[in-house]
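Per this note's numbering, residue 345 is the first one in the sequence shown, and the count goes up by one each step.
Here a beta-carbon is modelled for each residue, glycine too, at the ideal position from N, C-alpha and C.
Working notes, beginning with the structure itself.
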Amino acid sequence: MGVPGKAAVADAVSTRVDSIGAFEEVCAKIKEQIGGSPDIVLAFFSPHHREHAGKLLQVIQRDLTPDSIAGSSMSGVIGGGREHQAGPGISLWAARLPGARLQTFCLELDSKKSRIGGWPDIPQSASAVMLVEPFTFPLEPFFESLRRTPDLPTMLGGIASGADRVGENVLLHDDTLVDKGAVGFALDGGYRFETVLAQGCRPVGPSFLVTRSEGNVVYELGGRSAYEELSEVLIAIGEEERNRFMRAPHIGIQPLQSTSGESGGDSLIRGVMGVDPDAGAIAVSDTVEEGDMLQFQSRDREFAHEQMESALKLAGSFDPEVLGALIFDCTARGLHLFQRADHDIEMVHKLWPNLPVAGCFAAGEIAPVCGLPYIHGLSASIGLLVPSE
345 MGVPGKAAVA
355 DAVSTRVDSI
365 GAFEEVCAKI
375 KEQIGGSPDI
385 VLAFFSPHHR
395 EHAGKLLQVI
405 QRDLTPDSIA
415 GSSMSGVIGG
425 GREHQAGPGI
435 SLWAARLPGA
445 RLQTFCLELD
455 SKKSRIGGWP
465 DIPQSASAVM
475 LVEPFTFPLE
485 PFFESLRRTP
495 DLPTMLGGIA
505 SGADRVGENV
515 LLHDDTLVDK
525 GAVGFALDGG
535 YRFETVLAQG
545 CRPVGPSFLV
555 TRSEGNVVYE
565 LGGRSAYEEL
575 SEVLIAIGEE
585 ERNRFMRAPH
595 IGIQPLQSTS
605 GESGGDSLIR
615 GVMGVDPDAG
625 AIAVSDTVEE
635 GDMLQFQSRD
645 REFAHEQMES
655 ALKLAGSFDP
665 EVLGALIFDC
675 TARGLHLFQR
685 ADHDIEMVHK
695 LWPNLPVAGC
705 FAAGEIAPVC
715 GLPYIHGLSA
725 SIGLLVPSE
């Protein structure tokens, strides 16, 4: 049980089929670790438990009496040192943070006014964890508007997964169930989340300046045909690397707003949708702006392992006192990328043994690039809870 007056974080997971039993089990585990009345409880639950989400809220409120609750249905959950990518699962993450300023939020699109309602006034010093219902919330336009706003908080989170249509995802906002919009919480006052973005692709060839593009179609790289540049890159690399790229071609985009000149975590990984040799064009799965930097990428589990390890070690060198962590993994990671379960959570625990870690497998990961919020794919967005200076 937590020491009075000190920060305390706990995680718990259950894979029981019985929903009520699973809810009571994870709440009991949390209470055993840090007692009741945490400042925040974050819940992730598989589609198996979706229809009982109202009961989940009741059990959390009854057994833990937290000040705030946020949560979402997800295709898979992470916690208790394991990654449960399929089957019934619920994961809780709870924290008691003396002196913290914490507020939950619930965002909704007002279609009549074409605006987002519910976004609170969050200072730049804060961190915001966000869970999004993808069928009803225009996340990328929302982020695009935020990126034009000065003094943004650090943002991380995930897009709800495991549903095929509107109304199937369930979000938790304090004592309310929500089936649209986005929910989350902002944290300030002595604590923050240090974000780590771990990606699953290896750079292929050099970086290029995008000199002509329209929407999601890239026509010219460095003043030359984009298709010709890609062809020359593929000729120059080895057969194994070429085959790996052809199996799952991707690009990394360093946005125009980025001025750091860094690679890796500063890139947005997007899929290649097709090529047009006659037009010399490459179509990708997102808008590409003229002035962006572009580099071809291939999925590579060895590189993903190395990149995650180095990113976590770097974060740990700046913030040695880590109180807990949240992981938002792409549904294409885990078994699909590493051919085994538990890779990402094991990487975190390798550096911080016994650290309370919880999370989920999301349909899109939220993490900052050069301080600005973006949606990622094939990635792990990790938030390390650390004391603020």
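Query                                                                                                                                       : Result
From T603 to M637, what does the alpha carbon distance come to, in whole angstroms?                                                         : Per-residue confidence for T603 stands at a pLDDT of 39, beneath the threshold of 50, marking its modelled position as unreliable; no derived number is given.
Could you work out which residue in G721, G727, C714 is closest to R491 when comparing CA atoms only?                                       : C714
How long is the line joining the alpha carbons of G398 and F486, rounded to whole angstroms?                                                : 28 Å
Can you tell me where the beta strand (DSSP E) holding Q641 begins and where it ends?                                                       : 637-643
Just to confirm, is the Cβ distance from A437 to L516 under 7 Å?                                                                            : Rather than Ala, the amino acid found at residue 437 in this sequence is Trp. No; because the gap between Cβ atoms is not below 7 Å, this pair is not in contact.
Any chance the region 470-479 sits against the region 525-536, with 3 or more Cβ pairs inside 8 Å?                                          : yes
Cutting at 7 Å between CB atoms, please list the residues of its own chain near D686, excluding the five before and the five after it.      : R426, E427
Please go through the region 486-547 and give each complete beta strand (DSSP E) segment of 3 or more residues, from N-terminal end onward. : 498-503, 515-517, 520-522, 526-532, 535-543
Determine the burial state of T520: buried for a count of at least 16 other Cβ atoms within 10 Å of its Cβ, exposed for fewer.              : exposed
So which of S363, S455, G544 has the shortest CA-CA distance to E646?                                                                       : G544
Take L446 as the anchor and find which of L541, I384, Q468 has the nearest alpha-carbon.                                                    : I384
DSSP puts T448 in a beta bridge; with which residues?                                                                                       : F529
Below 8 Å on the Cβ atoms is my guess for I381 versus A702; work out the distance and round it to an integer in Å.                          : It should be noted that the sequence gives Ser, not Ile, for residue 381. S381 to A702, Cβ: 19 Å. No contact.
Taking the DSSP output, what are the residues bridged to Q327?                                                                              : Summary: the structure shown does not reach residue 327, with the chain confined to residues 345 through 733, and so no result is reported for it.
Where does K694 land, buried or exposed, given buried means 16+ other C-beta within 10 angstroms?                                           : exposed
Quick one: what does DSSP say G608 is sitting in, helix, strand or coil?                                                                    : Any answer about G608 is weak, because its pLDDT of 41 lies below 50 and its placement is not dependable; what the coordinates show is given next. Correct three-state label for G608: helix.
Please state the DSSP three-state secondary structure of I581.                                                                              : coil
Skipping 5 residues on each side, what residues in its chain have a beta carbon closer than 6 Å to that of G615?                            : H594, S629
For the region 711-725 against the region 616-623, are there 3 or more C-beta pairs whose distance is under 8 Å?                            : no
Residue ranges of each alpha helix (DSSP H) run of no fewer than 4 residues wholly in the region 364-430, ordered along the chain?          : 397-408
With V548 and V632 assumed to form a contact (beta carbons below 8 Å), what rounded beta-carbon distance in angstroms separates them?       : Rounded, the Cβ-Cβ distance is 17 Å, inconsistent with contact.
Taking the alpha carbon of V357 as the reference point, which residue from G511, G365, G424 has its own alpha carbon closest?               : G424
Is the region 395-412 close to the region 649-664, with three or more CB pairs under 8 Å?                                                   : no
Does the beta-carbon distance from I503 to P478 come in below 7 Å?                                                                          : yes
Indicate the three-state DSSP secondary structure (helix, strand or coil) for P731 in the structure shown.                                  : strand
From the DSSP secondary-structure annotation, give me the bridge partner or partners of M590.                                               : Answer is none; M590 lacks a bridge partner.
Could you name the residues that DSSP lists as bridge partners for E558?                                                                    : V561
Just the Cα atoms here: how many angstroms apart are I364 and Q377?                                                                         : 20 Å
Need the endpoints of the beta strand (DSSP E) that I466 sits in, please.                                                                   : Careful: I466 lies outside any beta strand (DSSP E) and carries neither H nor E.
My assumption, with CB atoms under 8 Å, is that V730 sits in contact with W696. Please give the rounded CB distance.                        : Actually they do not touch by this definition, with Cβ atoms about 11 Å apart.
Could you tell me which residues DSSP puts in a beta bridge with E709?                                                                      : G502, H720
Helix, strand or coil for S654, going by three-state DSSP, please let me know.                                                              : helix
Please classify G605: is it buried, with 16 or more other beta-carbons within 10 angstroms of its beta-carbon, or exposed?                  : Confidence at G605 is low in this model, with a pLDDT of 39, below 50, so the placement of that residue is unreliable and no value is reported for it.
Given this structure, state the Cα-to-Cα distance separating G609 from L656, to the nearest angstrom.                                       : Its pLDDT being 48, under 50, G609 is placed unreliably in this model, and the value from its coordinates should be taken loosely. Going by the C-alpha atoms only, they are around 12 Å apart.
Expressed to the nearest angstrom, what Euclidean distance is found between the alpha-carbon atoms of M691 and F682?                        : 12 Å
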